[in-house]
Every structure is written in C-alpha cells, then in structure tokens.
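Numbering (our numbering), first residue to last: 6 to 105.
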C-alpha cells in the first residue's frame with residue numbers, strides 16, 4: 006500500500022468526496038485507511054464502575070481506493086510512484102515528480 010500514516014490525502018469518491026485530511030492509521034492487510042474528519046460514526050460505550058456510559062464519535066476506516074495523495078507542490082490529487090535514489094527507494098508524486 007502506497008499511502009502511509011501521516012500523509013495528506015483527499016477523498017475522491019463517496020459521501021465525503023473532496024474532503025482533505027491526514028491519515029491517522031493505515032491498515033495494509035485490509036487495504037483501508039483512517040482519515041481525520043472523514044467517515045465519522047458514533048459508538049455507544051457501556052457504563053462501568055469507573056466511568057459512566059457515553060456516546061463516542063470516532064473515524065471509521067475507508068478503502069484506500071477512495072483516497073488520493075495530495076501533491077506537495079501543486080496541492081492537487083496525484084498517484085504515488087517509486088524511484089531509486091542512491092541505494093534508497095523513495096516515494097514520488099507522479100504529477101510533479103517531487104519526493105514525498
């Protein structure tokens with residue numbers, strides 16, 4: 006999976022289309038990412054002896070195909086590629102060729 010934790014992405018399809026956010030969590034085995042402010046759901050938490058019950062608002066994961074990286078140079082959606090620099094493999098933005 007080419008999108009990692011901490012990347013700036015934009016949602017390209019679905020209910021949250023056009024929303025930009027930071028990747029909070031990456032789940033490569035499920036091909037899903039958790040993006041800040043996107044796909045918010047409510048979870049009901051049962052009361053315990055220490056804490057009262059409450060409703061928690063959390064971000065649910067969305068499929069990685071529904072998001073695109075934001076090009077650091079042009080601030081537009083781009084695909085991610087790889088390039089060998091010296092003896093390291095680095096990610097690059099396909100639109101501008103800049104290193105991510």
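Just so you know, even glycine gets a beta-carbon here, dropped at the ideal spot from N, CA and C.
The structure displayed is predicted, hence computed values, not measured ones.
Where residue i falls, given that 16 or more other Cβ within 10 Å makes a residue buried
{"i": "residue 62", "result": "exposed"}
{"i": "residue 86", "result": "exposed"}
{"i": "residue 98", "result": "buried"}
{"i": "residue 11", "result": "exposed"}
{"i": "residue 76", "result": "buried"}
DSSP state of residue i mapped onto helix, strand, coil
{"i": "residue 38", "result": "strand"}
Separation of residue j from residue i, as counted between CA atoms
{"i": "residue 6", "j": "residue 19", "result": "20 Å"}
{"i": "residue 30", "j": "residue 16", "result": "15 Å"}
{"i": "residue 90", "j": "residue 103", "result": "12 Å"}
{"i": "residue 94", "j": "residue 88", "result": "6 Å"}
{"i": "residue 46", "j": "residue 67", "result": "12 Å"}
{"i": "residue 23", "j": "residue 72", "result": "10 Å"}
{"i": "residue 28", "j": "residue 42", "result": "10 Å"}
{"i": "residue 100", "j": "residue 74", "result": "11 Å"}
For the stretch 73-86 against the stretch 49-61, are there 3 or more C-beta pairs whose distance is under 8 Å? A contact between stretches requires three or more CB pairs, one per stretch, nearer than 8 Å, and the stretch 73-86 fails this requirement with the stretch 49-61.
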